[in-house]
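With this note's numbering applied, the sequence shown covers 9 to 223. Note that beta-carbon positions come from the ideal geometry of N, C-alpha and C, so glycine has one too. Remember, predicted model here, so these are calculated numbers, not experimental data.
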Amino acid sequence: MAQSHIRYMRIVLGSLLLCLLLFSSFNKVQAKSILVLGDSISAGYGMDAEQSWVSLLEQHLEQKFPGEHEVINASMSGETAAGAVSRLSALLEKQQPDIVIIELGGNDALRGQPPQLIERSLNQLVTISLGSGAETLLFGMKIPPNYGLAYSQAFEASFQQVAKQHNIALLPFFLEGVAGVDSLMQSDGIHPRVEAQSLLLDNALPLIEEALKGD
9 MAQSHIRYMR IVLGSLLLCL LLFSSFNKVQ AKSILVLGDS ISAGYGMDAE
59 QSWVSLLEQH LEQKFPGEHE VINASMSGET AAGAVSRLSA LLEKQQPDIV
109 IIELGGNDAL RGQPPQLIER SLNQLVTISL GSGAETLLFG MKIPPNYGLA
159 YSQAFEASFQ QVAKQHNIAL LPFFLEGVAG VDSLMQSDGI HPRVEAQSLL
209 LDNALPLIEE ALKGD
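In structure tokens, the structure reads:
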């Protein structure tokens, strides 16, 4: 009787252990590297690098998945979508990221580039990124209203068109809840302050965490 009970308990415990191992393997997030290709918004203009939303992302992932993920910030102040086209291939070859975040286009618009050209540059960036095998996320931007309604609408639509064409995830407006709020913007009205960085991370996280779940 005692031996039968022991065998039964061994079977039960063994089954529980197997279930736990399977559950753990199904829910484990595979280690991935994330390349952020952005402009001054992601480069942390006007603040220390560790205060930027990209640095906060790295800290968040390290706390949630210790030692699992790497965040590479290739953002540059003043960068344009057109300018980034020439350096993306080399970045991809060197870093070999699993995920690429494209946060560009704002400077192109501020310089008055036609929306059609901005869309073409974004399309090139996404094409190059996808060609490397990296999952690609596109962060949309908006332009101040003084550029005119027609231009603003065409600019915003360029992100939607590129995302739709390539069937990739789009964050419609990265600065949602930040742009236009004086207490969250620097004196130039363009760059978010340190206090806004956690909000930018909140905007970005849903897309990023979803990408991390992918194979």
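* Thinking C-beta only, is residue 65 closer than 8 Å to residue 207? -> no
* To do: State yes or no: is the C-beta of residue 147 within less than 8 Å of the C-beta of residue 110?
  => yes
* Asked: Are the Cβ atoms of residue 150 and residue 160 separated by less than 8 Å?
  -> yes
* Would you call the stretch 98-107 and the stretch 118-127 touching, i.e. three or more CB-CB distances under 8 Å? -> no
* Asked: residue 171 to residue 126, Cα distance in whole Å?
  -> 13 Å
* Please name the residue or residues paired with residue 41 in a DSSP beta bridge. => 78
* Are the beta-carbon atoms belonging to residue 93 and residue 132 less than 8 Å from one another? -> yes
* **Segment contact flag, the stretch 47-64 with the stretch 73-89, C-beta cutoff 8 Å, min 3 pairs** => yes
* Asked: Excluding five sequence neighbours on each side, which residues of the same chain lie with their C-beta closer than 7 Å to the C-beta of residue 134?
  -> 110, 144, 146, 170, 174 and 176
* Compute the beta-carbon to beta-carbon distance between residue 59 and residue 194, rounded to the nearest angstrom, for a pair I have assumed lies under 8 Å. => About 13 Å; that fails the 8 Å criterion.
* Beta carbon of residue 47, beta carbon of residue 112: below 8 Å? -> yes
* Kindly list the residues whose CB is nearer than 6 Å to the CB of residue 214, restricted to its own chain and excluding five residues on each side of it in sequence; keep chain order. => none
* Pick from 63, 55, 56 and 57: whose alpha carbon is nearest that of residue 42? -> 63
* residue 108 lies in the beta strand (DSSP E); which residues open and close that run? -> 107-111
* Cβ-based neighbour list, residue 157, same chain, cut-off 8 Å, excluding 5 preceding and 5 following -> none
* Asked: Where does residue 35 sit, in a helix, a strand or coil, going by DSSP?
  -> Because residue 35 sits at a pLDDT of 44, beneath the cut-off of 50, its placement in the model cannot be relied upon, and the point is left open.
* To do: Return the residue from the list 180, 200 and 181 that minimises the CA-CA distance to residue 189.
  => 200
* By Cβ distance, which residues of its chain are closer than 8 Å to residue 36, with the 5 residues on each side in sequence left out? -> Because residue 36 carries a pLDDT of 49, less than 50, the predicted location of this residue cannot be relied on, and no value is offered for it.
* Asked: To the nearest angstrom, how far is it from the Cα of residue 136 to the Cα of residue 142?
  -> 9 Å
* To do: Spatial neighbours of residue 115 within its chain, please: CB distance less than 7 Å, with the 5 preceding and 5 following residues excluded, ordered by chain position.
  => 47, 86, 87 and 88
* Whole-angstrom distance between residue 203 and residue 56, CA atom to CA atom -> 12 Å
* **Cα-Cα separation between residue 154 and residue 79, rounded to whole angstroms** => 35 Å
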